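K.L.:
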Amino acid sequence: SHPLCECVSQGCSSLCSDCAQLHRVHTARMNYLLHTLILLAAAEMTTAGRLKVKCKEERIMAKAGEDDVIQCRLYSKNKAGSVAFVWKKEDAAEIIYNYTASHGSRGQNPSYRDRAQVFDNEIRKGNVSLRLRNVTLSDSGTYSLSVASRSQRTQTQVFLSIRGKNRGVLFRGLK
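Residue numbers (the numbering used here): 1 to 175.
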């Protein structure tokens, strides 16, 4: 039989030098395997839960006075309801809509109050789109969507261009 087995079966409180060396090698290999498995599991969780946001279009043309939706979707293995996101207008650094688990629009620019909304009942399904009601020419610009979970963050941008209600009339005097 193996010396380690004899030492253990005889109830030795300390192992002989050969058995101690064998035990250290075995323990080191097991620790290495355990750490490797933990790292692989952590890498898999990070990859599986990675946030990704995709908008239907990068450039949108809308007509003044109408409603428009900037359609964006969040892709993640995590629950979409456990994320927070912020819609901002980049050229003025204005907060258009700030969504958190408590639902709110803290810090929202007053010109977007009652005009900007998200689809609360569809956020869990990944819908992070922004609806703007009664768009005006001043709504033209680059909009950014920042999404964050506890450990990750991602961002995307969309350019919204607004044309006048009666395009020809708007520019009639500028020949």
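Note that beta-carbon positions come from the ideal geometry of N, C-alpha and C, so glycine has one too. Nothing here was measured: the structure is a model prediction, and the numbers come from that model.
Short of 6 Å in beta carbon distance, which residues of its chain neighbour Lys165, apart from the five on each side in sequence? Order them along the chain.
P.N.:
Only Ala64 and Gly65 meet the Cβ criterion.
K.L.:
So is Ala92 buried or exposed if we call it buried at 16+ other beta carbons inside 10 Å?
P.N.:
Counting Cβ neighbours within 10 Å, Ala92 comes out exposed, since fewer than 16 surround it.
K.L.:
Go ahead and pull the three-state DSSP assignment for Glu66.
P.N.:
Coil.
K.L.:
Taking only three categories from DSSP, how would you classify Ser82?
P.N.:
In this structure, Ser82 counts as helix in the three-state DSSP scheme.
K.L.:
Can you tell me whether DSSP reads Lys89 as helix, strand or coil?
P.N.:
Lys89 falls in the strand class under three-state DSSP.
K.L.:
So that I know if they touch, is there some Cβ in chain C lying closer than 8 Å to that of Leu74?
P.N.:
The chain inventory of the structure shown lacks chain C, comprising one protein chain alone.
K.L.:
Roughly how many whole angstroms lie between the Cα atoms of Val135 and Phe159?
P.N.:
Using only the alpha carbons, I get a separation of about 14 Å.
K.L.:
Put Glu57 into one of helix, strand or coil per three-state DSSP.
P.N.:
It is coil, neither helix nor strand.
K.L.:
Indicate the three-state DSSP secondary structure (helix, strand or coil) for Lys52 in the structure shown.
P.N.:
Note: Lys52 maps to strand in three-state DSSP.
K.L.:
Taking a contact to mean a Cβ-Cβ separation below 8 Å, would you say Tyr143 touches Ile70 in this structure?
P.N.:
For Tyr143 and Ile70, yes; Cβs fall inside 8 Å.
K.L.:
For Asp120, tell me which candidate among Lys54, Ser138, Gln155 and Tyr99 has the shortest Cα-Cα distance.
P.N.:
Among Lys54, Ser138, Gln155 and Tyr99, the Cα nearest to that of Asp120 is on Tyr99.
K.L.:
Pull up the CB-CB distance for Ser149 and Val83, whole angstroms please, since I reckon it's below 8 Å.
P.N.:
Indeed, because the Cβ distance is near 5 Å, the residues count as touching under 8 Å.
K.L.:
How many Å lie between Asn127 and Ser138 at the Cα?
P.N.:
Straight-line Cα distance between these residues: approximately 26 Å.
K.L.:
Is the Cβ-Cβ distance between Thr154 and Cys55 less than 8 Å?
P.N.:
In this structure, Cys55 does not lie closer than 8 Å to Thr154 by Cβ.
K.L.:
By a C-beta neighbour count over all protein chains shown, 10 Å radius and 16 as the cutoff for buried, is Tyr112 buried or exposed?
P.N.:
By the neighbour-count rule (16 or more Cβ atoms within 10 Å), Tyr112 is buried.
K.L.:
Going by C-alpha to C-alpha distance, which of Arg131, Leu74 and Lys88 sits closest to Lys125?
P.N.:
Among Arg131, Leu74 and Lys88, the Cα nearest to that of Lys125 belongs to Leu74.
K.L.:
Given this structure, state the Cα-to-Cα distance separating Ser161 from Lys89, to the nearest angstrom.
P.N.:
Taking the straight line from one Cα to the other gives about 12 Å.
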